[in-house]
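Reviewing the structure listed below.
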Amino acid sequence: MEELVLTQPSRAAESEWARETERAAVRREFEERLAECGTLAYRVAYGVLRNSADAEDVAQEALLRAFRRFDRLRDRNRFRGWLVRISFRLALDRGRSAKRREQRETSWAQPVPAPTTEELAASSEFQTRLASAVDALPEKMRLVLLLSAMEGHTLEEVAVILGVPLGTAKSRLFFARKQLAEKLPCHVTSSKKL
Amino acid sequence: MPCDQFQEALSDLACAAAEPRGDLRAHLDACAPCRIAFERERLLFASIDSGVRQLTNADVPASLLPAIRAHLAKPSQTRHGSGTASWIYAAAAAAAALFLLALPFFHPRTPAVETAAQPEIRQSPEQKIPALQAAATPSIVASRSAEPKRKLHSGGSSQFAQNHEPEVLVPAEEREALAKFVSAVVERQNLAAALIHPASSANPEGLAIDPLNIAQLEVKSLEEKALDGSARRD
């Protein structure tokens, strides 16, 4: 049997109208930030995933999630940092699940065919090594490294985005670069010899 | 001075992209192997920076922002408060279940409890009709007809009784739709007026309708028609 409820249409309409107005205002404010921050969300995701389609999916999801929770964000000036963290976290999750899926599939897969000459020419050994070295960095360091390389952000801006002191951002970047250098020394030595 | 002492400091300096000063500068000027090593370190970090920039500054697909805007433009019900709404429903369902479970402990099984548990059986036929109408059709049922049913809804009915706003009985899932409809009606005053005051048919003075003009017809009886037909055949 259908459940019936008593309601006061006029009051319900008033509150509905107020809610709609509020939603419209939130949406307007969010859209103002969208053009500015959509790129950032994509690039953070791309920095982690290095795949355009996956990064786009993650950026979309991050932006929609940010929109759904936008009214809960007390300090709207911290939107960029908040969005960066959402994108980064979603991208990490997606990267992990992709890795797991890849592991599952490779146990059944046929031997991979040898790359063509064009593929070999297009691939850069250093980029590949660098990418895997970046993946191996601790999350906090990785995020600072990506943000500092992105869109010409200064370290001060990175610190503001992440809501950490400048010194913390500096030390994270320093140790991130140091760790990368420890994993990639031979490449530069060999390229210099050439 | 042995070069080992400077190695770590020079590496840190290259990592921080800073210029050597003081003792370090003097050592580099004097020691060619350290200078070469330092240059290599700087080259390595420059390559890392350039590589990371390549990794991160990818071109943003043009479809990204339009896709987001399209998602935002979708009806708000799918996006807005979907999480909170589900929590509210879940909480309401849990509260109702708890209430139903706790009911037998507070009241021993008496006829009164049976009335609460099976309201339809105890209702008189006059009371049942509005409820059945409401269940059968999704339309709004007038509040007066729902008056006897209020006693069955223990939660919130006292609040409703206190104020004089009109109340209606609707299926639970249509409450929000009703609110939206009423809010739309409030915004469109003409529509509201049209709904409340339907056009009256008792005032035809204002209407001017031209009488139908029918051309002159030749009217014949059937017998004459039959005679005409036979004459043509002969």
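Going down the list, the sequences are from chains A and B.
Going by this note's numbering, the first sequence runs without a break in its numbering and finishes at 194.
Going by this note's numbering, the second sequence runs without a break in its numbering and finishes at 1234.
C-beta atoms are modelled at their ideal positions from N, C-alpha and C, and glycine is treated no differently.
Item, Value
"Can you name the start and end residues of the beta strand (DSSP E) that A:Leu73 belongs to?", "Note, A:Leu73: premise wrong, no beta strand (DSSP E); not H, not E."
"Could you name the residues that DSSP lists as bridge partners for B:Leu1044?", "BP columns for B:Leu1044 are empty, so no partner."
"Quick check on B:Ile1036: buried or exposed, where buried means 16 or more other Cβ atoms within 10 Å of its Cβ?", "exposed"
"Is the separation between the beta-carbon of A:Thr127 and that of B:Gln1054 shorter than 8 Å?", "Here residue 127 of chain A is Gln; the residue named in the question, Thr, does not match the sequence. Result yes, Cβ atoms of A:Gln127 and B:Gln1054 sit closer than 8 Å."
"Apart from the five residues just before and just after A:Leu143, which ones in its own chain have a Cβ nearer than 6 Å to its Cβ?", "Phe88"
"Return the first residue and the last residue of the beta strand (DSSP E) that B:Pro1171 is part of.", "1168-1171"
"Using a cut-off of 7 Å between C-beta atoms, extract the partners of A:Lys178 located in chain B.", "Cys1015"
"Which residues share a DSSP beta bridge with A:Thr7?", "B:Val1168"
"Using three-state DSSP, classify B:Phe1160 as helix, strand or coil.", "Because B:Phe1160 carries a pLDDT of 47, less than 50, the predicted location of this residue cannot be relied on, and the following value inherits that uncertainty. In this structure, B:Phe1160 counts as helix in the three-state DSSP scheme."
"Nearest chain A C-beta to B:Arg1021 closer than 8 Å, yes or no?", "no"
"Do the segment 1055-1067 of chain B and the segment 37-44 of chain A touch if we need at least three Cβ pairs shorter than 8 Å?", "yes"
"Compare the C-alpha of A:Leu92 against each of A:Arg27, A:Leu49, A:Phe70 and name the closest.", "A:Leu49"
"Answer yes if the segment 69-77 of chain A comes into contact with the segment 52-60 of chain A, meaning at least three C-beta pairs across the two stretches below 8 Å, and no otherwise.", "no"
"Do A:Lys183 and A:Ala133 come within 8 Å of each other at the CB atom, strictly closer than that value?", "yes"
"Under 8 Å Cβ-Cβ, which residues of chain A neighbour B:Phe1006?", "Within 8 Å Cβ-Cβ: nothing; B:Phe1006 doesn't reach chain A, min ~17 Å."
"Is the segment 7-17 of chain A touching the segment 1175-1186 of chain B in the sense that three or more CB pairs, one from each, lie closer than 8 Å?", "yes"
"By Cβ distance, which residues of its chain are closer than 8 Å to B:Pro1111, with the 5 residues on each side in sequence left out?", "Its pLDDT being 49, under 50, B:Pro1111 is placed unreliably by the model, and nothing is read from it."
"Name the chain B residues that come within less than 7 Å of A:Gly47, Cβ to Cβ?", "Leu1055, Thr1056"
"For A:Val152, which three-state DSSP category applies?", "The amino acid occupying residue 152 of chain A in the given sequence is Gly; Val does not appear at that position. Correct three-state label for A:Gly152: coil."
"Buried or exposed: which applies to B:Ser1230, given that a residue is buried once 16 or more other Cβ atoms fall within 10 Å of its Cβ?", "exposed"
"Three-state secondary structure (DSSP) at B:Leu1065?", "helix"
"Leaving out the 5 sequence neighbours to the left and right, which residues in its chain are closer than 7 Å to B:Phe1006 when beta-carbon positions are compared?", "Leu1024, His1027, Cys1034"
"Does any residue of chain A have a CB that is nearer than 8 Å to the CB of B:Phe1045?", "yes"
"List, in chain order, every chain B residue whose beta-carbon is nearer than 7 Å to that of A:Phe126.", "Ser1047, Gly1051"
"For A:Glu16, go through chain B and note every residue whose CB falls closer than 9 Å to its CB, in chain order.", "Glu1176, Ala1179, Lys1180, Val1182, Ser1183"
"Does any residue of chain B have a CB that is nearer than 8 Å to the CB of A:Met141?", "no"
"Take B:Asp1004 as the anchor and find which of B:Pro1020, B:Cys1031, B:Gly1022, B:Ala1016 has the nearest alpha-carbon.", "B:Cys1031"
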